[in-house]
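The next block holds one structure in the form of structure tokens; read it before the comments.
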Amino acid sequence: MRALRLGLAAVMLLVMVPAGSTAAAPLDADPHGLVPFADTAMQVYSQGTDTWQVWVCTVPGHTPTLSTAAVTTSLNAEITPFYQWLSEGAYRPVFVAGGTVASTQPVSFGEAEEPFATDCQTKVRSAAAGGANGALIVVDAPFDAGYGSAGGVCPEAPFTGCTTAYPGNFREVVVAAATVSTVSPFDSAQWITVAHEIGHALNMPHSYTGLTLDPNTGGINRYDNPMDFLSGAYHVGKPVGTHAYNRYAAGWIAPSAVAVHPSGIADYQLAAIGTPGLKMVVVPSSDPGRFYVLDTRRRTSYDTPLPLSGIEIHEIDTRRDIACTLPSAWPETWPCFATLVRIKQAPAVAGISSTAHVLGIDDSVVIENFTVTLTASSINTFTVRVAGVDRGRFVDDDGLAAEPDIEFIAALGITVGCNPPANDRFCPAKGVSRAEMAAFMIRALGEEGNIGPYQGLFSDVAESTWYAGYVERLAQLGITTGTGPEVFAPDRIVSRAEMSAFLIRGFGSGEVFDPAGVFSDVPANAWYIREVEELYGMGVTKGCAIEPLRYCPTNQVTRAQMASFLARILG
286 MRALRLGLAA
296 VMLLVMVPAG
306 STAAAPLDAD
316 PHGLVPFADT
326 AMQVYSQGTD
336 TWQVWVCTVP
346 GHTPTLSTAA
356 VTTSLNAEIT
366 PFYQWLSEGA
376 YRPVFVAGGT
386 VASTQPVSFG
396 EAEEPFATDC
406 QTKVRSAAAG
416 GANGALIVVD
426 APFDAGYGSA
436 GGVCPEAPFT
446 GCTTAYPGNF
456 REVVVAAATV
466 STVSPFDSAQ
476 WITVAHEIGH
486 ALNMPHSYTG
496 LTLDPNTGGI
506 NRYDNPMDFL
516 SGAYHVGKPV
526 GTHAYNRYAA
536 GWIAPSAVAV
546 HPSGIADYQL
556 AAIGTPGLKM
566 VVVPSSDPGR
576 FYVLDTRRRT
586 SYDTPLPLSG
596 IEIHEIDTRR
606 DIACTLPSAW
616 PETWPCFATL
626 VRIKQAPAVA
636 GISSTAHVLG
646 IDDSVVIENF
656 TVTLTASSIN
666 TFTVRVAGVD
676 RGRFVDDDGL
686 AAEPDIEFIA
696 ALGITVGCNP
706 PANDRFCPAK
716 GVSRAEMAAF
726 MIRALGEEGN
736 IGPYQGLFSD
746 VAESTWYAGY
756 VERLAQLGIT
766 TGTGPEVFAP
776 DRIVSRAEMS
786 AFLIRGFGSG
796 EVFDPAGVFS
806 DVPANAWYIR
816 EVEELYGMGV
826 TKGCAIEPLR
836 YCPTNQVTRA
846 QMASFLARIL
856 G
């Protein structure tokens with residue numbers, strides 16, 4: 286069995302804008318703003334029943350072998366359930382017998398990517414009756430070629446002035462005999478080609494790296510994504526599925542099953558086809574009209590032949606004159622849309638079997654300014670972590686509520702990080718040690734330049750330690766007396782009670798707040814009550830829980846929390 290070449294795939298997009306019509310804003314119909322002209326280009330035929338007339342076209346030089354009735358029966362048995370699975374019941378192509386036409390023009394399966402059976406199309410258009418949404422024309426010749434067109438679409442609102450009925454809409458899929466019957470050298474019909482061309486007739490584009498060359502033409506090979514039946518020269522026989530963007534654009538994934546990653550760090554549990562849950566994560570890029578899509582694929586059902594299960598990543602580009610070239614007569618506000626949208630694997634690696642864009646368990650990849658890591662899996666789901674990189678001073682605080690506070694104190698020189706010499710991490714979840722607290726306080730008070738020679742004030746703070754000067758200056762300012770005679774306990778983690786004392790001694794207003802029992806877990810005789818309630822009065826803390834209001838004085842303070850306290854007290 287030789288590798289499948291998915292037809293000639295001359296994907297044609299005929300766009301008609303009726304005279305006097307007003308073009309809609311391209312993204313109005315999509316709540317996430319991802320699919321241009323979602324309702325008038327992508328979802329015209331992809332919802333509910335889509336009726337296809339089946340025609341067999343005999344051609345000179347080839348003995349007829351096909352029956353329209355038999356081909357129609359096979360299409361309903363092979364293609365209909367595939368699309369029912371792929372769309373999770375949203376789309377159902379139905380095939381009805383049209384008839385047989387005879388072409389007077391010979392056909393041949395060459396390497397040029399152009400339609401090879403235009404006379405068959407002309408004959409079918411003349412013979413076709415109404416009542417269908419498109420024509421599936423089988424050229425009765427022993428090739429595995431094919432091409433498909435969505436025909437006329439109208440990117441306007443509302444959808445008026447164009448017909449969705451064949452033959453007026455010119456919507457046609459043309460395939461050769463080897464796609465619907467067993468023809469040497471194949472040992473089965475190449476249903477993947479039929480599914481592929483119907484995908485184009487639903488306005489779905491190819492996905493390809495742009496790096497793989499066609500050995501026959503020397504041009505770009507548009508069939509080098511083994512995870513996508515709209516690409517996939519890697520596969521023969523039955524079709525595999527496609528990525529989430531195609532399914533979302535077709536309306537087969539609900540907007541509620543899509544998460545747009547704003548920034549920072551987040552975990553997402555992605556569900557496979559047929560499993561309820563989140564189906565797609567979108568990561569925006571810095572370029573409007575370009576973004577990345579993450580989804581999960583499992584080697585089950587039609588996806589069983591996939592080379593790998595995991596999280597797949599694709600770059601979607603709808604930028605006009607960058608991803609595609611549109612006719613100059615079309616409105617300047619129009620982006621690429623439908624089959625013109627540029628979709629490629631991320632990262633892109635040349636070769637028809639490359640799965641560099643698919644992550645297995647514990648695999649991680651950096652894409653532009655974010656990393657993607659597959660962290661866990663279950664029977665039908667994968668958990669993926671998306672984390673921003675190179676966004677601000679530190680790489681491990683992205684998306685945290687405290688991120689602005691961390692960046693604020695870093696800009697003031699109050700923190701330099703937690704992993705010298707790189708110091709590109711803040712360690713936000715790590716507890717603040719008393720040594721670190723001393724450094725935070727001295728820098729925040731602007732006293733770093735007043736650190737004097739080592740005096741040996743504490744027996745457990747050696748001159749050689751990085752924090753000795755900070756601790757001793759803190760003592761000279763009267764902010765600490767240590768934890769006992771000549772003992773500072775530099776490695777002990779600071780509690781919220783101790784933190785309040787450090788802050789008020791350094792930044793307190795001196796105003797006496799009436800200990801009125803603001804916090805239910807701070808006793809009236811607690812040694813730290815004045816400091817805690819002054820922090821509350823200053824708006825630096827709102828406690829740790831409400832109903833009743835609590836302060837959690839014995840809880841340890843994390844570095845992220847400390848950043849927030851310092852940022853608030855510094856205004």
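Heads up, the final residue of the sequence shown is numbered 856 in the working numbering, and it's a clean run with no missing numbers. Where a beta carbon is used, it is the ideal one built from N, C-alpha and C, also for glycine. All of these numbers come straight from a predicted model, not from anything done at the bench.
Item, Value
"Whole-Å CB distance - Thr365 paired with Val379, under 8 Å assumed", "7 Å"
"Local Cβ density within 10 Å of Gln328, reported as buried at 16 or more and exposed below that", "buried"
"Exposed unless 16 or more other CB atoms sit within 10 angstroms - verdict on Arg844", "buried"
"Those residues which DSSP pairs with Val650 across a bridge", "Val657"
"Any C-beta of chain D under 9 Å from that of Thr581", "Absent here is chain D; the protein component of the structure consists of one chain."
"Nearest neighbour of Gly825, chosen from Phe850, Tyr368, Asn654 [CA to CA]", "According to the sequence as given, residue 825 is Val; it is not Gly. When only C-alpha atoms are compared, the closest one is Phe850."
"Start-end ranges of the alpha helix (DSSP H) lying completely within the stretch 695 to 764, minimum 4 residues", "719 to 729, 753 to 761"
"Residue range of the beta strand (DSSP E) that includes Leu579", "575 to 582"
"9 Å Cβ cutoff met for Ser388 and Asp404", "yes"
"Span separating the alpha-carbon of Leu515 from that of Arg781", "58 Å"
"Sheet register partners of Arg627 (DSSP bridge)", "Asp602"
"Sequence-distant residues of the same chain with beta carbon closer than 8 Å to Thr385, five excluded per side", "Trp340, Val341, Cys342, Thr343, Thr353"
"CB of Val772 within 9 Å of CB of Phe725, strictly", "no"
"Residue span of the alpha helix (DSSP H) that contains Phe367, given as start and end", "353 to 371"
"Cβ separation of Ala462 and Leu351, assumed to be a contact under 8 Å, to the nearest whole Å", "6 Å"
"Cβ pair count under 8 Å reaching 3, the stretch 504 to 513 against the stretch 637 to 644", "yes"
"Cβ pair Gly419, Trp337 closer than 9 Å", "yes"
"CA-to-CA distance, Pro500 to Ala551, given in whole angstroms", "42 Å"
"Nearest-angstrom Cα separation, counted from Ala414 out to Leu579", "43 Å"
"Rounded distance between the beta-carbons of Pro321 and Phe622, thought under 8 Å", "4 Å"
"Terminal residues of the alpha helix (DSSP H) in which Asp404 lies", "403 to 412"
"Where Phe850 sits in the DSSP three-state scheme", "helix"
"Residue of Ala760, Gly767, Leu421 minimising C-alpha distance to Ile727", "Ala760"
"Pairwise C-alpha distance: Tyr368 and Ala375", "9 Å"
"For Val671, the nearest candidate out of Val651, Arg678, Ile664, Ala323 (CA to CA)", "Val651"
"Inter-residue Cα distance where the pair is Gly517 and Trp751", "59 Å"
"Coil, strand or helix - Val479 by DSSP", "helix"
"Closest by C-alpha distance to Arg582, when choosing among Val438, Leu555, Phe576, Pro569", "Leu555"
"Contact the stretch 584 to 592 vs the stretch 602 to 612: 3+ CB pairs below 8 Å", "no"
"Candidates Gly741, Ser794, Leu855: closest to Ala730 by CA position", "It is worth fixing the name first, because residue 730 is Leu in this sequence and not Ala. The candidate whose alpha carbon is nearest that of Leu730 is Leu855."
"Ala486 beta carbon less than 9 Å from that of Arg434", "Reading off the sequence shown, one finds Ser at residue 434, where the question assumed Arg. Closer than 9 Å, so yes."
"Buried or exposed (CB count within 10 angstroms, at least 16 for buried), Glu748", "exposed"
"In DSSP terms, what Trp866 is bridged to", "For residue 866 there is no data in the structure shown, the boundaries of the chain being 286 and 856."
"Terminal residues of the alpha helix (DSSP H) in which Ile550 lies", "Unbroken run through Ile550 is the beta strand (DSSP E), 550 to 556; no alpha helix (DSSP H)."
"Rounded Cβ spacing between Arg835 and Phe804 (contact assumed at less than 8 Å)", "6 Å"
"Outcome for Val701 when other beta-carbon atoms lying within 10 angstroms are tallied against a minimum of 16", "exposed"
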